[in-house]
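In what follows, a single structure is set out as structure tokens and then discussed.
Chains as they are written, first to last, in the working numbering: chain A, 327 to 863; chain B, 6 to 364.
Here's what the structure looks like:
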């Protein structure tokens with residue numbers, strides 16, 4: 327018995343160690359690879375799994391990566407070179423996608439799209455106006471932004487086999503950019519309808535299948551891997567890459583070492599403590615780009631004391647240790663520049679009006695003026711992720727110095743959102759952004775009375791002057807006038823400070839230097855069609 | 006002859022007819038099966054109520070933060086959450102009886118399919134880890150007991166304390182850093198197989214079994230190499246506990262009179278230790294093994310996250326994060342089944358090991 331146990335144990339140990347010593351580079355497919363050209367495969371390390379890849383929903387960014395490459399949109403986003411020399415989106419330029427050209431009526435309400443002919447979906451079905459109409463109808467009825475699109479779009483109809491007339495309810499200067507991202511992915515009407523007789527079944531099918539017209543075909547999709555194979559019949563010519571593998575690697579530390587070893591080519595969201603190491607590595611590029619309007623702030627509930635008094639809010643703004651906070655949480659200004667307005671600095675409408683400096687004496691004086699010379703107790707509702715937790719702890723320390731006793735209440739996401747929707751959040755740290763980098767929409771969500779409490783205005787800020795300015799900016803087609811409105815809004819918000827802004831969120835990822843062609847779009851999505859790997863040989 | 010004299014006299018089961026013993030035993034099994042059904046119904050009601058009492062709105066969690074209240078309301082209707090509780094429960098139970106565990110909204114797949122995809126990964130990891138931990142742990146425990154306070158006892162104690170105290174994810178990260186990054190012995194922590202391997206024909210879902218059945222030895226080696234590190238890391242803590250328990254049990258048993266008597270009778274030491282003493286000492290280990298199996302099958306979230314293992318533990322935690330009702334309910338029911346079955350298995354194992362135990 328003993329001998330048997332010993333031998334069995336040794337056997338298991340030996341076998342597993344032998345297995346552990348299997349050479350990493352061996353190709354375990356067991357099939358003969360054609361010795362000629364090595365397929366160009368890009369391995370992308372994502373932090374979460376794709377999950378539900380329905381483009382109407384836009385579940386998470388990993389799903390959106392898949393959608394934007396497997397489907398096509400009617401229009402794409404133009405490119406230009408930034409002053410710093412990198413390729414980025416040109417917000418004033420929209421390029422043809424599935425729509426070869428389009429006309430906009432004089433009143434700005436009707437768009438007539440002339441669609442490309444001879445385009446086929448991955449399963450061979452032809453693409454035509456019916457698919458576009460179907461997609462927009464689904465968007466209005468079932469997407470996660472259904473209400474927005476429903477309010478915006480009056481009617482979509484096919485006026486020819488390859489022409490679509492789309493009429494809006496109001497003028498929207500950002501409309502073409504809005505449909506140039508994952509929400510505007512054109513579905514194949516036939517395939518979706520064949521998937522089920524009712525909407526629920528169709529949406530369930532869309533959650534794990536994707537038949538589009540895009541440059542990549544969705545191959546295997548499992549719990550932690552998505553394989554995108556180049557579409558050889560793509561209407562704009564096949565992609566430079568042969569295959570893109572999107573692999574879910576939840577641990578940031580693992581993404582970093584796998585990138586360094588060359589097992590993956592791109593690592594998304596490296597841990598902030600790894601930035602320095604990655605930058606120092608000669609084979610790796612740490613890519614830092616301005617976030618898509620992402621701004622970090624402390625939000626204060628303006629409906630209840632003590633935050634109903636602007637002086638208290640200003641006191642808090644003076645108590646935030648801006649530089650130290652950014653240094654501690656992100657590693658420095660380079661990775662998260664200090665914010666000087668709710669609108670981040672890459673936008674032409676940005677004005678650096680928010681100039682509260684870390685000054686505890688001023689903070690104490692303001693508190694005394696407001697009648698809180700002895701301080702007060704406040705509960706901080708924490709959306710429990712490490713970065714926010716660190717921010718909360720630092721604020722707690724500073725507020726303690728001016729007599730405010732801050733208690734941190736950690737909350738799981740569902741509880742946090744529930745409290746937010748009920749208008750019960752007191753003091754929180756959060757970030758916001760707009761997917762189309764539409765700063766007017768950002769203002770609407772954060773500062774308009776109609777967005778209280780569950781549409782994003784957790785500070786429950788209500789100011790009729792601001793409401794009016796936002797409404798005017800939403801329908802203004804002249805960019806210069808729009809900028810004037812936005813500047814006025816920023817000035818009021820800086821004075822009233824319902825949001826104490828402190829950081830401009832950046833898009834950071836690390837890539838092997840041989841990866842080329844990355845263009846920085848405001849929706850932060852990788853369009854693999856434009857990318858390539860320099861194999862050197 | 007020596008065996009019959011060890012321990013108190015056995016009850017004379019031969020007096021009862023074989024038929025009666027069988028009937029007694031099958032009655033026992035039947036009772037346990039009925040109990041399983043009762044437990045399942047209770048678990049389903051409890052899990053159904055608990056998730057609905059938890060704060061938060063699952064529809065809210067599925068949509069981006071910028072979604073409007075109307076969109077959230079529409080999602081709730083789509084998910085069937087606006088119906089009264091008893092209607093929802095009835096719908097759920099009807100589907101359950103037909104084998105439909107519902108749709109997992111945050112992954113976009115039916116819950117049953119998610120379980121089918123993830124459970125084999127967890128089973129493979131669990132069986133190998135526990136197997137290794139049991140074999141090495143028992144051996145180490147016996148050796149420690151026999152050589153009390155000698156070097157091997159001290160060494161085993163150090164290993165045990167390390168295994169019980171050190172958190173598994175930390176050991177995992179260290180192991181990856183040492184064996185993959187620094188030494189290059191272990192493959193990249195990409196999960197069960199290498200990234201370049203396309204999906205393979207899945208018969209049981211267990212990589213080792215499937216690749217052996219299809220004679221795909223290259224895949225077998227790849228799967229084994231990916232299993233090595235997580236199995237070693239996971240088995241470490243269980244090994245520690247099994248070792249301590251075995252040692253304690255053995256120390257007590259070796260002092261017993263019947264052991265001394267057996268040795269006096271001239272039975273070889275090896276036989277005394279492994280055939281008599283261990284059998285008596287191992288009962289608490291069996292109990293713990295049952296609990297360990299249940300714990301492992303429930304998924305070990307930390308190891309799964311660190312090694313990117315697509316198991317059931319990570320899925321359960323993600324479902325909690327998104328407040329995705331159907332997988333949470335499914336998971337609770339699944340765990341209830343596992344625990345009831347494991348308890349029955351332990352009781353049967355007692356019966357096999359100890360002739361004094363009868364039901």
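The beta-carbon is built from N, C-alpha and C at its ideal position, and this holds for glycine as well.
As the structure is a prediction and not an experimental result, all values here were calculated from the model.
Check                                                                                                                                                                        : Outcome
Would the beta-carbon of residue 833 of chain A fall within 9 Å of that of residue 67 of chain B?                                                                            : no
Between A:738, A:656 and A:703, which lies nearest to residue 722 of chain A when the distance is taken from Cα to Cα?                                                       : A:703
What residue does the beta strand (DSSP E) around residue 461 of chain A start on, and which one ends it?                                                                    : Not the beta strand (DSSP E): residue 461 of chain A falls in the alpha helix (DSSP H), residues 455–468.
Nearest by alpha-carbon distance to residue 242 of chain B: which of B:340, B:269, B:136 and B:277 is it?                                                                    : B:136
Using Cβ-Cβ distances below 7 Å, what residues of the region 314–331 of chain B are close to chain A?                                                                        : 315, 326 and 328
Ordered along the chain, which non-local residues of its own chain (more than five positions away) have a Cβ less than 8 Å from that of residue 512 of chain A?              : 397, 398, 399, 400, 424, 453, 457, 458, 461, 538 and 539
Please name the residues in the region 239–273 of chain B whose beta-carbon is closer than 9 Å to at least one beta-carbon of chain A, in chain order.                       : none
Between the C-alpha atoms of residue 169 of chain B and residue 244 of chain B, what's the straight-line distance to the nearest angstrom?                                   : 9 Å
Would you please verify whether the beta carbon of residue 652 of chain A is less than 9 Å from any beta carbon of chain B?                                                  : no
Out of curiosity, what's the CA-to-CA distance linking residue 37 of chain B and residue 349 of chain B?                                                                     : 7 Å
Using a Cβ-Cβ distance cut-off of 9 Å, determine whether residue 618 of chain A contacts chain B.                                                                            : no
Could you check what DSSP says for residue 594 of chain A in three-state terms: helix, strand or coil?                                                                       : strand
In chain A, what lies closer than 7 Å to residue 60 of chain B by C-beta?                                                                                                    : 740, 741 and 744
Helix, strand or coil: which one does DSSP assign to residue 845 of chain A?                                                                                                 : coil
Apart from the five residues on each side of it in sequence, which residues of its chain come closer than 6 Å, Cβ to Cβ, to residue 309 of chain B?                          : 316, 318 and 319
Cα separation between residue 386 of chain A and residue 378 of chain A?                                                                                                     : 8 Å
Taking residue 302 of chain B as the reference, which of B:123, B:43 and B:29 has the closest Cα?                                                                            : B:123
What are the residues of the region 454–475 of chain A that lie near chain B, defined by any Cβ-Cβ distance shorter than 9 Å?                                                : 467, 468, 469, 470, 471, 472, 473 and 474
Quick check: what's the CA-CA separation for residue 237 of chain B versus residue 652 of chain A?                                                                           : 40 Å
Tell me the start and end of each unbroken alpha helix (DSSP H) in the region 502–542 of chain A that is at least 4 residues and wholly inside, in chain order.              : 515–521 and 525–534
For the beta strand (DSSP E) holding residue 436 of chain A, just list the boundary residues, first then last.                                                               : 436–441
Hey, is residue 215 of chain B's beta-carbon within less than 9 Å of any beta-carbon in chain A?                                                                             : no
Just to confirm, is the Cβ distance from residue 332 of chain B to residue 107 of chain B under 9 Å?                                                                         : yes
Within a Cβ cutoff of 6 Å, which residues of the same chain sit near residue 679 of chain A, ignoring the five residues on either side of it in sequence?                    : 667, 816, 817 and 820
Could you pull out every residue in the same chain whose Cβ sits closer than 6 Å to the Cβ of residue 355 of chain B, ignoring the five residues on either side in sequence? : 362
In angstroms with no decimal places, state the Cα-to-Cα distance between residue 80 of chain B and residue 163 of chain B.                                                   : 55 Å
Compare the C-beta of residue 155 of chain B with all C-beta atoms of chain A and state if any pair is closer than 9 Å.                                                      : no
If you run the structure through DSSP and keep just helix, strand and coil, what is residue 261 of chain B?                                                                  : coil
Could you have a look at residue 736 of chain A and say whether DSSP puts it in helix, strand or coil?                                                                       : strand
With 16 as the cutoff for other CB atoms within 10 Å, does residue 134 of chain B come out buried or exposed?                                                                : buried
Following the continuous beta strand (DSSP E) through residue 323 of chain B, name the residue where it begins and the one where it ends.                                    : Careful: residue 323 of chain B lies outside any beta strand (DSSP E), inside the alpha helix (DSSP H) at 317–327.
CA-CA distance, residue 181 of chain B and residue 194 of chain B?                                                                                                           : 7 Å
Can you name the start and end residues of the beta strand (DSSP E) that residue 753 of chain A belongs to?                                                                  : 753–758
According to a CB-to-CB cut-off of less than 7 Å, which residues of the region 509–539 of chain A neighbour chain B?                                                         : 526, 530, 533 and 534
Any chance the region 335–354 of chain B sits against the region 33–48 of chain B, with 3 or more Cβ pairs inside 8 Å?                                                       : yes
Let's see if you can read the secondary structure: which residues bound the alpha helix (DSSP H) around residue 336 of chain B?                                              : 330–358
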